[in-house]
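Each residue of the sequence shown is one higher than the one before, starting from 59 at the first, in the working numbering.
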Amino acid sequence: MENCIFCKIARREIPSDKIYEDENLLAFNDINPAAPIHFLLIPKLHIDSLSDVQDIHQTLLGKMLLLAPQLAKERGCENGFRTIINTGPAGGQEIFHLHFHIIGGRDRLPGMIHSG
Ligand code: AMP
Ligand code: ZN
Numbered sequence: 059m060e061n062c063i064f065c066k067i068a069r070r071e072i073p074s075d076k077i078y079e080d081e082n083l084l085a086f087n088d089i090n091p092a093a094p095i096h097f098l099l100i101p102k103l104h105i106d107s108l109s110d111v112q113d114i115h116q117t118l119l120g121k122m123l124l125l126a127p128q129l130a131k132e133r134g135c136e137n138g139f140r141t142i143i144n145t146g147p148a149g150g151q152e153i154f155h156l157h158f159h160i161i162g163g164r165d166r167l168p169g170m171i172h173s174g
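Right under this line is the structure:
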C-alpha cells in the first residue's frame, strides 16, 4: 500500500526503532509508549485490520502469536504482558495496517476498559 505508514516502515522508507525483523514480520517500538515496554508487531504484508483477515493469513497470524511472547520476554516482560489489537473505528484503530500492541514492564498494568 503506497501511503500506509507501516508499509513505509516495512519498506524502510521511514525509520523505526526496530527490535525484530524476518521475512514476514517486523517489530518496532511504539513512538508514543503507554508503558515502559510497548512495541508493535506487524506483518510486512498489508492487511487493513483484524476484521480483514482470511484463511490465507492463517500461518502468518500463527507466526505473530508465537513471536509475541518470545519478543516480550526478550524485552523484559518476565511476568507477563498485554496484547492489544485495536480493530476498526469503534475499536480505536488509528493506523489501518494490522498490528499487535505488546505492552508491559510494569508490576501490573491497569485494569481493562470499563463500560460507561
Ligand atoms: P492503533 O490505535 O492501534 O492504530 O495504534 C497505532 C499506534 O501506532 C499508536 O500507539 C501510535 O503511537 C503508533 N505509531 C504511530 N506512528 C508510529 C511510528 N512512526 N512509529 C512507531 N509507532 C507509531
Ligand atoms: Zn500497510
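Note that beta-carbon positions come from the ideal geometry of N, C-alpha and C, so glycine has one too.
Remember, predicted model here, so these are calculated numbers, not experimental data.
Taking the Cα of L119 as reference, the smallest distance to any Cα among R133, E136, L84 is reached at L84. Between the ligand AMP and the CB of E152, the shortest heavy atom gap is smaller than 7 Å.
In the structure shown, T117 adopts helical secondary structure according to DSSP, grouped into three states.
Those residues placing their Cβ nearer than 6 Å to any heavy atom of the ligand ZN are, following chain order, M59, C62, F64, C65, H104, H155. Of all alpha-carbon atoms in F139, E60, L156, the one lying nearest the alpha-carbon of A92 is that of F139.
Residue pairing by DSSP places I161 opposite H96, R140 in a beta bridge. CA-to-CA, the gap between I89 and I161 works out to about 13 Å.
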